[in-house]
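Q: In the UniProt record's numbering, the protein residues as written are 1 to 141.
The beta-carbon is built from N, C-alpha and C at its ideal position, and this holds for glycine as well.
1) Sort out for me which residues DSSP pairs residue 70 with in a bridge.
2) Opposite residue 27 in the DSSP bridges: which residues?
3) Given this structure, state the Cα-to-Cα distance separating residue 2 from residue 27, to the nearest angstrom.
4) Report buried or exposed for residue 23, applying the criterion of at least 16 other Cβ atoms within 10 angstroms of its Cβ.
5) Leaving aside the five residues before and after residue 124 along the sequence, list all residues of the same chain whose C-beta is less than 6 Å from its C-beta, in chain order.
6) What did DSSP end up calling residue 5 once you bin it into helix, strand or coil?
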């Protein structure tokens, strides 16, 4: 069996709602590839943040590809910068926020998917720009 494979120009980008500060770039998910998880790159515009949220059964990994931010997990805050990794366990309320001067990019993986792919894909399709593709392709890193 061949592995699933995509190049950055094949990724699909969405905003969960019109006007949201964050875009989610779906790499692999439970809908298209029928996987038990979702892997995406979350792009936080300057000042962008996630709403406080909790996952009933899913653990969520955030790996910072570029930028700076901070995250709250229940009552604890951590500063985030390129190369940092964080796992939010199921049941913990969390927020991720871009505190830097540029965009914040995180590789985000949720296991199990817990309908995250459906939420993302039911949103507003969006486009990647040259900066996004530079980060996704690792150019100049």
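A: So, to answer that:
1) Residue 70 pairs with 79 and 97.
2) Answer is none; residue 27 lacks a bridge partner.
3) 16 Å
4) By the beta-carbon neighbour count (other beta carbons within 10 angstroms, threshold 16), residue 23 is buried.
5) 15 and 18
6) coil
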